[in-house]
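Enquirer: Handing you this structure, nothing more for now.
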Amino acid sequence: MDDDENDLPEHAISMRSALRQCVALIDVFQKDSSRHRVRVRRQTIDSIESLDVQRDKAYHQFWDRLHTLDDSEAPIPTLSARDISSHYKFRQDYHFRNLPCLIQYDESPNCSNPFARVNEEWRTNDRQHINSRWFLDHVGTEIQVPLRYYSMSDEATLDSEGRAAECETRQVSMSEWTDLLSMEQQNHSYYLKDWHLVALLREKKHTKPLYTCPKVFQHDLLNPFLTEFTNGDYKFCYWGPSYSKTLRHSDVLHSFSWSYNVHGTKKWTFFGGRDCNQQFTVIQKAGQAMFVPCTWQHEVENSETTLSINHNWITVANVDKTLGCLLVELREIHSELEGWGICETGDTFLEASESMLRGCVGLNITSFFLMLLWRLSQLLKSFNAQEAVESDEEAAAAEHEFECCRISRMINMMVNDDKLQLEGRLEAATLSKDLASEAIRVAAVAVGCVCDEDGPL
């Protein structure tokens with residue numbers, strides 16, 4: 001970091017760091033761009049352009065099918081993790097079609113399980129209870145954790161954008177929390193949720209990972225970027241007694257989410273259909289992971305004391321939904337700023353709107369754009385045209401091509417959208433006109449490396 005950056009806001013420093021890394025990566029392979037140029041087939045472009053239609057079609061087919069199920073048929077499939085032979089096919093079937101499913105993980109001693117460590121260490125030896133001692137020993141007795149609870153109110157549980165109503169937070173020590181759980185009459189209004197345990201252990205220099213993100217839930221644009229440049233993430237631990245719940249909501253940023261039960265049972269209720277009044281319930285047991293599609297409203301209740309791991313994440317399958325979410329929030333913020341007398345042509349307008357947007361949903365236009373640019377720069381750096389031709393991994397190559405094409409088209413759209421004022425937002429967030437201009441320059445270089453038979457897309 002330059003000496004003159006020490007007094008800058010933390011977010012400006014983070015975004016400058018991300019931008020400079022993108023510049024360094026792109027400038028290196030620009031010198032030999034022919035080796036890193038991604039040729040996109042017409043069928044890939046067609047797949048991207050038809051994605052929204054296919055997603056809507058799958059959604060309506062799913063809800064229409066519910067009417068035909070009898071009591072013995074499950075509303076969503078339960079897949080065995082060891083029987084998922086193609087992660088690429090899983091993403092095609094569930095990420096791109098935006099449909100839910102359960103995945104059962106095998107806990108046999110000789111079976112590879114990404115959650116083996118937490119299964120062993122977070123449960124008592126008889127597997128009947130949560131091993132609270134592990135958290136006291138490894139996290140610390142005095143570490144403060146966020147207990148959520150809903151205030152007694154008759155207000156609707158959804159806001160105008162379909163998000164969960166705000167809940168109150170009480171900070172308590174880990175030892176207080178385990179004492180609360182051990183009481184004979186548990187207070188089920190408290191729920192330890194949205195707890196950034198992975199980030200906490202990272203700060204405490206724990207080097208051994210708790211678990212490995214399953215391959216079917218990878219290709220994440222969001223968490224690697226946040227971890228690299230902001231020390232943040234959307235990786236959570238949830239721990240609550242019987243009847244603790246998360247009320248009806250759709251997930252933040254229109255992200256995907258997955259939830260793995262280490263111990264206990266959850267009851268999921270999903271809402272949707274053509275009139276949004278249909279619903280169905282799924283019971284999730286220990287050792288199972290739930291894949292939750294983006295924008296699907298759902299409610300979750302713990303049927304017993306339950307401990308789970310949850311990630312929100314963004315891939316090329318739902319990145320358009322995330323941008324749409326940001327733009328809706330941005331319109332609301334602009335209306336609010338104008339109500340305060342801060343006009344769109346004012347010097348502070350873009351800086352204020354970027355700051356407020358990040359405060360509302362955790363990302364702003366700048367961080368979203370740099371997340372895309374950083375991911376594309378990594379994809380292009382790793383791509384070698386000759387190796388791709390000789391590779392037998394056709395599915396992986398096709399996925400790489402799709403991801404490059406999808407991201408480059410979105411970057412290009414953002415750069416050329418005059419109403420978005422992207423360069424001005426980059427300047428407001430990084431507090432540097434030169435860096436904002438550099439971002440636009442390297443974005444053009446990166447996008448130019450992704451082309452069809454007629455040239456750059």
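Residues 1 to 457, numbered by full-length UniProt numbering, are exactly what the sequence shown covers, in order.
Using N, Cα and C, we set each Cβ at its ideal position, and we do this for glycine too.
1. Could you check whether the region 342-357 touches the region 253-263, counting it as contact only if at least three pairs of C-beta atoms, one from each stretch, sit closer than 8 Å?
2. Report yes if the CB atom of I314 is closer than 7 Å to the CB atom of L222, and no otherwise.
3. Given a cut-off of 7 Å on the beta-carbon distance, is the pair F369 and M410 in contact?
4. Going by Cα to Cα distance, which pick from E438, D71 and D93 is closest to F217?
5. Taking just the CA atoms, how far does K208 sit from T348?
6. Quick one: what's P146 bridged to in DSSP?
7. Just the Cα atoms here: how many angstroms apart are D418 and L323?
8. Tell whether a beta-carbon distance below 7 Å holds between L373 and C404.
9. Which class does L95 belong to by DSSP, given the choice of helix, strand or coil?
10. Looking only at C-alpha atoms, which of Q297, T295, G264 and T305 sits nearest to A289?
11. Nearest to R248 by CA position, among F270, A286 and R91, is which residue?
12. Could you pull the DSSP bridge partners for residue 458 from this structure?
13. What's the gap between the Cα of E107 and the Cα of V40?
14. So what's R11 in DSSP terms, helix, strand or just coil?
15. Per DSSP, which residues does S80 bridge with? Please list them.
16. Take N364 as the anchor and find which of Y105, E394 and L327 has the nearest alpha-carbon.
17. Assuming the contact rule is C-beta atoms closer than 8 Å, S182 and L136 should be a hit. Round their C-beta distance to whole Å, please.
18. Taking DSSP as the reference, what is the three-state secondary structure of S17?
19. What is the DSSP secondary structure of A286, reduced to helix, strand or coil?
20. If you check the beta carbons only, do residue 459 and A317 fall under 7 Å apart?
21. Per DSSP, what kind of secondary structure is C276 in: helix, strand or coil?
22. Do the CB positions of E438 and V23 come within less than 7 Å of each other?
23. According to DSSP, simplified to helix, strand and coil, what is R123?
24. Going by CA-CA distance only, name the one from S367, D233 and L99 that's closest to R65.
25. For L226, does the count of other Cβ atoms within 10 angstroms reach 16, so buried, or fall short, so exposed?
26. Can you have a look at C325 and say buried or exposed, based on whether 16 or more other CB atoms are within 10 angstroms of its CB?
27. Name the DSSP beta bridge partners of S257, please?
28. Beta-carbon separation of I76 and V282 under 7 Å?
29. Cα separation between S303 and L210?
30. Going by beta carbon distance, what residues of the same chain come within less than 7 Å of A428, once the five residues before and after it are set aside?
31. For N312, count neighbouring C-beta atoms within 10 Å of its own C-beta (all shown protein chains included) and say buried if the count is 16 or more, exposed if not.
32. Use the C-beta contact count for Y238: other C-beta atoms within 10 angstroms, 16 or more gives buried, fewer gives exposed.
33. Give me, in chain order, the residues of the same chain whose beta-carbon lies closer than 7 Å to that of A436; leave out the 5 immediate sequence neighbours on both sides.
34. Quick one: what's L323 bridged to in DSSP?
35. Helix, strand or coil for V450 per DSSP?
36. How many angstroms separate the CA atom of C101 from the CA atom of V361?
Expert: Taking the definition as stated:
1. no
2. As a working mapping, residue 314 is identified with position 314 in the sequence shown. As a working mapping, residue 222 is identified with position 222 in the sequence shown. Going by C-beta atoms, I314 is nearer than 7 Å to L222.
3. For this step, residue 369 is matched to residue 369 along the sequence shown. For this step, residue 410 is matched to residue 410 along the sequence shown. Their beta carbons are not under 7 Å apart, which means F369 does not touch M410 by this criterion.
4. Counting from 1 along the sequence shown, the entry for residue 217 is found at position 217. With distances taken between Cα atoms, F217 lies closest to D93.
5. On the sequence shown, position 348 is the one that residue 348 refers to. On the sequence shown, position 208 is the one that residue 208 refers to. Between T348 and K208, the C-alpha separation is close to 44 Å.
6. Counting from one through the sequence shown, the residue named residue 146 turns up at place 146. Q171.
7. On the sequence shown, residue 418 is found 418 positions in, with the first residue counted as 1. On the sequence shown, residue 323 is found 323 positions in, with the first residue counted as 1. So the two alpha carbons sit approximately 16 Å from each other.
8. As a first step, residue 373 is located in the sequence shown; it is residue number 373 there, counting from the start. As a first step, residue 404 is located in the sequence shown; it is residue number 404 there, counting from the start. Contact: no.
9. Mapped onto the sequence shown, residue 95 falls at position 95. The identity of residue 95 in the sequence shown is His, whereas the question assumes Leu. Helix.
10. As a first step, residue 289 must be located in the sequence shown, where it is residue number 289. With distances taken between Cα atoms, A289 lies closest to G264.
11. Numbered from its first residue, the sequence shown carries residue 248 at position 248. The shortest C-alpha separation from R248 is found at F270.
12. Since the displayed the chain opens at 1 and closes at 457, residue 458 lies outside it and no answer follows.
13. As a working mapping, residue 107 is identified with position 107 in the sequence shown. As a working mapping, residue 40 is identified with position 40 in the sequence shown. The alpha-carbon separation between E107 and V40 amounts to approximately 41 Å.
14. Taking the first residue of the sequence shown as position 1, residue 11 is located at position 11. Sequence check: residue 11 is His here, not Arg. Of the three classes helix, strand and coil, the one that applies to H11 here is helix, per DSSP.
15. For the purposes of this step, residue 80 is taken as the residue at position 80 of the sequence shown. Beta-bridge pairing links S80 to Q104.
16. Here the question's residue 364 lines up with position 364 in the sequence shown. Among Y105, E394 and L327, the Cα nearest to that of N364 belongs to L327.
17. Walking along the sequence shown from the start, residue 182 turns up at place 182. Walking along the sequence shown from the start, residue 136 turns up at place 136. The Cβ separation is near 12 Å, so there is no contact.
18. Numbered from 1 along the sequence shown, position 17 holds the residue referred to as residue 17. Reduced to three states, the DSSP call for S17 is helix.
19. Here residue 286 refers to the residue found at position 286 of the sequence shown. The answer is coil: DSSP assigns A286 none of H, G, I, E or B.
20. A question about residue 459 goes unanswered here, because the residues of the chain that appear run from 1 up to 457.
21. Translated into the one-based positions of the sequence shown, residue 276 becomes position 276. Of the three classes helix, strand and coil, the one that applies to C276 here is coil, per DSSP.
22. Locating residue 438 in the sequence shown gives position 438, counting from the first residue. Locating residue 23 in the sequence shown gives position 23, counting from the first residue. Yes, these two residues count as a Cβ contact at 7 Å.
23. Numbered from 1 along the sequence shown, position 123 holds the residue referred to as residue 123. Residue state, collapsed to three classes: strand.
24. Numbered from 1 along the sequence shown, position 65 holds the residue referred to as residue 65. Ranked by how close their Cα comes to the Cα of R65, the residues S367, D233 and L99 have L99 in first place.
25. Here residue 226 refers to the residue found at position 226 when the sequence shown is read from its first residue. The residue in question, L226, is buried, as its Cβ has 16 or more Cβ neighbours within 10 Å.
26. For the purposes of this step, residue 325 is identified with residue 325 of the sequence shown, where counting begins at 1. Within 10 angstroms of the beta-carbon of C325 lie 16 or more other beta-carbons, which makes it buried.
27. Residue 257 sits at position 257 when you count from the first residue of the sequence shown. V292 and N312.
28. Indexing the sequence shown from 1 puts residue 76 at position 76. Indexing the sequence shown from 1 puts residue 282 at position 282. Yes, Cβ-Cβ distance for I76 and V282 is below 7 Å.
29. As a first step, residue 303 must be located in the sequence shown, where it is residue number 303. As a first step, residue 210 must be located in the sequence shown, where it is residue number 210. Going from the Cα of S303 to the Cα of L210 covers about 25 Å.
30. Start at 1 with the first residue of the sequence shown, and residue 428 comes out as number 428. Same-chain partners within the cutoff: L350, E351 and E354.
31. For the purposes of this step, residue 312 is taken as the residue at position 312 of the sequence shown. Looking at its Cβ environment, which holds 16 or more other Cβ atoms inside 10 Å, N312 is buried.
32. Looking up residue 238 in the sequence shown gives position 238. Y238 is buried by the Cβ-count criterion.
33. Numbered from its first residue, the sequence shown carries residue 436 at position 436. Cβ neighbours of A436 beyond the five flanking positions: E423, L426, E427 and T430.
34. To locate residue 323, count along the sequence shown from 1; it is residue 323. Looking at the DSSP assignment, L323 forms no beta bridge with any residue, so it has no partner.
35. Mapped onto the sequence shown, residue 450 falls at position 450. Here V450 sits in strand by DSSP.
36. The count along the sequence shown starts at 1 and reaches residue 101 at position 101. The count along the sequence shown starts at 1 and reaches residue 361 at position 361. Using only the alpha carbons, I get a separation of about 26 Å.
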